[in-house]
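Have a look at the structure below before the remarks.
Have a look at this one:
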């Protein structure tokens, strides 16, 4: 079985992705089942809700509870470093005309 890791969904399910230890704990649990090496893709989104909330509310990377440090730890993890991640980009529109 191959896995697409959705960072926000994992965080909402209770996996603390804010630091190396939390990420490694999630990967260790995967190793007990399908195997962390089976992560072949990732959906990178921050979370508008706290860890374990069970709520699916994506946020821009660095704007939510996983934070920039969490995403840096995810990208530096040896198991995940070669995984291609994609994100749901949301752009904040700037007004181009006054009023």
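Numbering (our numbering), first residue to last: 11 to 109. Each residue gets a CB set at the ideal place from its N, CA and C atoms; glycine is no exception.
{"Query": "Label residue 21 either buried or exposed according to how many other C-beta atoms from any shown protein chain fall within 10 Å of its C-beta, with 16 as the threshold for buried.", "Result": "buried"}
{"Query": "Does the CB of residue 12 have a neighbour CB from chain B at under 9 Å?", "Result": "Of the chains in the structure shown, none is chain B; there is only one protein chain."}
{"Query": "State yes or no: is the C-beta of residue 13 within less than 9 Å of the C-beta of residue 48?", "Result": "yes"}
{"Query": "Between the beta-carbon of residue 95 and the beta-carbon of residue 28, is there less than 9 Å?", "Result": "no"}
{"Query": "Looking at the structure shown, is residue 9 part of a helix, part of a strand, or coil, going by DSSP?", "Result": "Coverage of the chain is limited to positions 11 through 109, which leaves residue 9 absent and any answer about it impossible."}
{"Query": "May I ask which residues mark the beginning and end of the alpha helix (DSSP H) holding residue 32?", "Result": "30-42"}
{"Query": "Could you tell me which of 90, 72 and 67 sits nearest to residue 34, measuring between CA atoms?", "Result": "90"}
{"Query": "Can you give the Cα-Cα distance for residue 72 and residue 61, rounded to whole angstroms?", "Result": "15 Å"}
{"Query": "Buried or exposed: residue 92, going by 16 or more other Cβ atoms within 10 Å of its Cβ?", "Result": "exposed"}
{"Query": "How would you call residue 98, buried or exposed, if buried means at least 16 neighbouring beta carbons within 10 angstroms?", "Result": "exposed"}
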